[in-house]
Amino acid sequence: MPETESKLVCSPSNGLHQEENAAVIEAANRLVIRPPTHRRPQRQRQPQGRRDATGFTANQEVKLKAGDMRIAQMQICISQLRTEMEESSKQLQDLCKAMLVDAESG
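Each residue of the sequence shown is one higher than the last, beginning at 318 in our numbering.
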């Protein structure tokens, strides 16, 4: 049986519909098709090592104490640096005063 419908002849595009198509294509590109995931109840991990009254294991306690020692060392270094900076500032002030006195007398 012959086809009775007339075929649609495409005409050249003037480019005006491209913005609408671009928005549709962009939205489609953002869609992500994921296969269905099977949710399994997650098992809780068994605690590693024995915990003391603080809730930390012995290994965690050692790491905490080591961190505390590093922080204490940094605090000492910072206070030493502050003292040295104050001394340097006083020396600079004294030098500036001496230069002003020399400039006024000269």
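Cβ atoms here follow ideal geometry from the backbone N, Cα and C, with glycine treated the same way.
The model shown is predicted, which means the values in this text are computed figures rather than measured ones.
DSSP places Gly384 in the uninterrupted alpha helix (DSSP H) bounded by 375-422. Between the alpha carbons of Leu381 and Gln392 lies a gap of roughly 17 Å. Within the DSSP secondary-structure output, Arg368 pairs in a beta bridge with Thr374.
Straight-line spacing of the CA atoms in Asp385 and Glu343 works out to 53 Å.
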